[in-house]
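Read through the structure below, which is laid out as structure tokens, and then see the notes.
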């Protein structure tokens, strides 16, 4: 088991977030329940409801966590609770009146992207002179650079996903529904330590040409190419990996060709990872390989996304994202080719930036897997 995060860990994160807000020209941050609140305090409300819960970070003031009175005991148990001042409000009171004294009435604040509109509107009504911007807009790197303990968790999650892939290669595919194989993948992720399974994409035959295909009732047959994309949370941090397999040893030449192109694109993009390279450059490198092979129009999504407490978060490896890579960033590299009505191929690893290059958290073979 990894070392639990301590109050001091959360205090460091809170200080860092406050400094980042000041550097971005903000008066502070308002953080709603969700991944940002978990990152900064370790508090995950048992239910996210219409009752206001918010962490308020304002320059020069002690961080404050506003919670409904009935949920205060849960908040007090959060590992980061000693690093904040807890304020509660009861039903029948105006929660925004509790929050207003903590905020500069003319300040510009960053607010969590997943904050409910009713709460943002309530804060604006209480403090009409304030202005607001999303955290992804102003502080996209708030959770992007991971510390050693976070990297340890992500590596373990990647290793567990790898074990699940090795296990799925041993099960029968032909004659079974996609949902059957997806259930096997889910069970394997749990077996190898995941507490939560977020997705198990099983795209067989023509369904593999849909990158986010939801496993369905299609019966997998001999000769099908199957895209397997799966992941979830282990010890609070995400896994996400994709491999492509073929049912039977009689693999069509074009399937081998497309798979080789995607494998080359994934490898070339990985080799380009190093500090200072822009996120969009990694996307361009992967895309160039696929385009030069004649399949550019069939690579229909970005090359990658960040991962941490959630399986999709900044940074994003996509055209227009000029953010340079920084040691400790973690993201997927997952080029793909999708031929409508025929088949798809994707290969995905989670990668972290090191001082001199990149390190994979997924280490299963990139070769086309053969299943029965």
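Residue numbers (the UniProt record's numbering): 1 to 372.
Just so you know, even glycine gets a beta-carbon here, dropped at the ideal spot from N, CA and C.
Predicted, not measured: the structure shown is a model, and the values here were computed from it.
Boundaries of the alpha helix (DSSP H) around residue 254: 253 to 271.
Going by DSSP, residue 158 is part of the alpha helix (DSSP H) stretching over 148 to 168. With a threshold of 16 other beta carbon atoms within 10 Å, residue 207 meets it and is buried. A check of alpha carbon separations from residue 327 across 334, 145, 215 identifies 145 as the nearest.
Leaving aside the five residues that flank residue 355 on each side, the residues in its chain whose CB is nearer than 6 angstroms to its CB run, in chain order, 327. One Cα belongs to residue 175, the other to residue 221, and the distance between them is close to 6 angstroms. Here residue 111 is actually not in contact with residue 177; their C-beta atoms are around 43 angstroms apart, not less than 8 angstroms. Excluding its 5 nearest sequence neighbours in each direction, residue 285 has C-beta neighbours in its own chain below 7 angstroms: 268, 269, 272, listed in chain order.
Assignment of residue 49 by DSSP, reduced to helix, strand and coil, places it in the coil class. Minimum Cα-Cα distance from residue 312 among the listed residues 363, 18, 233 corresponds to 233. Three or more Cβ pairs closer than 8 angstroms define a contact, and the stretch 91 to 107 meets that threshold against the stretch 51 to 71. By the Cβ rule, the stretch 159 to 171 counts as touching the stretch 345 to 365, because three or more pairs are nearer than 8 angstroms. DSSP, read as helix, strand or coil, puts residue 291 in helix. When 121, 129, 255 are compared, the shortest CA-CA separation from residue 370 is found for 255. Per DSSP, residue 2 lies in no alpha helix (DSSP H) and is assigned neither H nor E.
7 angstroms or more divides the Cβ of residue 163 from the Cβ of residue 215. Residue 190: member of the alpha helix (DSSP H) spanning 178 to 191, first to last residue. With respect to the 7 angstroms criterion, residue 348 and residue 179 are not classified as neighbours on the basis of their beta carbons.
Exclusion of the five residues before and after residue 302 leaves 283, 316, 317, 318 as the residues of its chain whose Cβ lies within less than 7 angstroms of its Cβ.
Contact between the stretch 125 to 142 and the stretch 20 to 31 is present: three or more C-beta pairs spanning the two stretches fall below 8 angstroms. Inclusion of residue 306 and residue 343 in the CB contact set at 7 angstroms is not warranted, their separation being larger than that value. Around the beta-carbon of residue 304, 16 or more other beta-carbon atoms lie within 10 Å, marking it buried. A Cβ-Cβ contact shorter than 7 angstroms links residue 72 with residue 88.
Residue environment for residue 12: exposed (fewer than 16 other C-beta atoms within 10 angstroms of its C-beta). Counting every other CB atom within 10 Å of its CB across the protein chains shown gives residue 40 a total of 16 or more, marking it as buried. Using a Cβ distance threshold of 7 angstroms, residue 140 and residue 314 count as a contacting pair. The C-beta distance from residue 5 to residue 79 rounds to 6 angstroms, short enough to fall under 8 angstroms. With a beta-carbon spacing of about 7 angstroms, residue 350 and residue 154 fall inside the 8 angstroms limit used to define contacts. In this structure, residue 185 places its C-beta atom within 7 angstroms of the C-beta atom of residue 230. DSSP places residue 316 in the uninterrupted beta strand (DSSP E) bounded by 313 to 317. Linking residue 109 to residue 252 through their CA atoms gives a straight-line distance of about 56 angstroms. With distances taken between CA atoms, residue 83 lies nearest to 57 out of 57, 104, 274, 69.
Here residue 348 carries a strand assignment [DSSP, helix/strand/coil]. Residue 236 sits away from residue 224, with the two beta carbons spaced by 7 angstroms or more. When rounded, the separation of the alpha-carbon atoms in residue 122 and residue 116 is 10 angstroms. For residue 148, the number of other beta carbons within 10 angstroms of its own is below 16, and it is reported as exposed.
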